[in-house]
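Just so we're aligned: the sequence shown equals residues 1152 to 1506 in this note's numbering. Cβ atoms here follow ideal geometry from the backbone N, Cα and C, with glycine treated the same way. Small disclaimer: the values here were computed from a predicted structure and weren't measured. First up is the structure itself, then whatever we jot down about it.
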Amino acid sequence: MKETLKKYAKRYFIDAMSAMALGLFASLLIGTIFKTLGMIPKLEILAQIGTGASSVAGPAMAVAIAFSLKAHPLVVYSCAGVGALANTNGDPGGPLAVLLIAIIAAEIGMLVSKKTKVDILVTPFVTLLVGGLLSIWCAPYIGDAVGVFSKVISFAMTQQPLIMGMLVSVVVGIALTLPISSAAICAALGLSAIAATNTESATGLALAGGAAIAGCCAQMVGFAVMSFKENKWGGLVSQGIGTSMLQMPNIIHNPRIWIPTILASAITGPLATCVFEMQMYGAAINSGMGTCGLLGPIGMILGWFGGSYPNTVGVLDWVGLALICFILPAVLSLLFSELLYKIKWIKPGDLTLEQ
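Spelled out as structure tokens, the structure:
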């Protein structure tokens, strides 16, 4: 029973969610980058490319999810329509609606796939019927639930930016290092001003996105720097621009190695919300990317110049971005790790990556 639960937990909450994030990256996120570049004079054609890519976010997510579940080709292709409908009807919880509904549609589609002589009709019919009906009947309620939760986050962030900045930073940072997708979580919760329905809500979600970036950067930069003695430049790059998830085997062996980066995120999150007022106006998925490909900071910058950012970008914004995303995570994590080395909570070799 325990092994079965582990199997399905990995299948649906790790594999499928990670695939959803990739689908979102390959459509909405890259589309946002193209649209922003299209604002440069004589590069307007790139905005058209970006608009096209962004418009297929739902199908891209659903197809990626079905593919991760190792569904048969007809099931995978049929999920494109499911994703489009689920994403549209699930707004503002479109990504979460796509995740849940695409999984169900793909699994039921697989029950009939290659079971009849008219598979080319039966499989897409069943897959699209199940996914379509769920999108019509259930996706709006998923969207409403996400909308309410996002409003709670937004309201709490504007009322208690110190506490919520710390909470969001720590939780999303931990999610980034765990074998789940922090990017998908941020996308599903809409941790960006562009997911908001009004100005007040936009401010709260924008600050939440900034806190999420702080937490993710603290994990990635923190582990990269504090393990430099063991892993050298390869480890610095693979963790700092790749993923801090590489440290999970070491965390399981000695959970105390996680303390420095978590403490760093608990400090940088409130600094992001209360001191520098870092606000995410880019794609929500960027909020959960951290320094992976530098997409967290890039998303923040794209939001500044994307046309909807209400403030003037000044020196303090750039200084805050550098401090929160790079400098403070490195300094704080290194400082805390040295203290833990001294009391022998961390020992040489505890942070060595598996070859």
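9 Å or more divides the Cβ of V1299 from the Cβ of G1341. Across the structure, I1364 and L1284 are spaced so that their CA atoms are roughly 36 Å apart. When rounded, the separation of the alpha-carbon atoms in I1403 and K1498 is 15 Å.
Beyond the five residues adjoining it in sequence on each side, V1207 comes within less than 7 Å, by CB distance, of S1178 in the same chain, given in chain order.
For M1168, the uninterrupted alpha helix (DSSP H) run begins and ends at A1167 to L1175, by DSSP. Around the beta carbon of M1168, a 10 Å sphere encloses 16 or more other beta carbons of the protein chains shown; the residue is thus reported as buried. Of K1266, I1252, S1301 and S1416, the smallest CA-CA separation from W1288 is found for I1252. The DSSP-derived three-state label of A1434 is coil.
Our two residues, L1485 and W1409, have alpha carbons roughly 12 Å apart in a direct line. Residues S1352, G1355 and L1356 of the same chain have their beta carbon placed closer than 6 Å to that of S1305, with the five preceding and five following residues left out of the count. The Cβ neighbour count for W1469, taken over all protein chains shown within 10 Å, is under 16; the residue is labelled exposed. About 12 Å separates the beta carbon of V1227 from that of A1211, a gap too long to meet the 8 Å contact definition. G1441 is positioned such that its CB atom lies closer than 9 Å to that of L1327. Between the alpha carbons of K1186 and D1242 lies a gap of roughly 21 Å. Taking a cut-off of 8 Å on C-beta distances, the segment 1365-1379 touches the segment 1441-1452, as three or more cross pairs fall below it.
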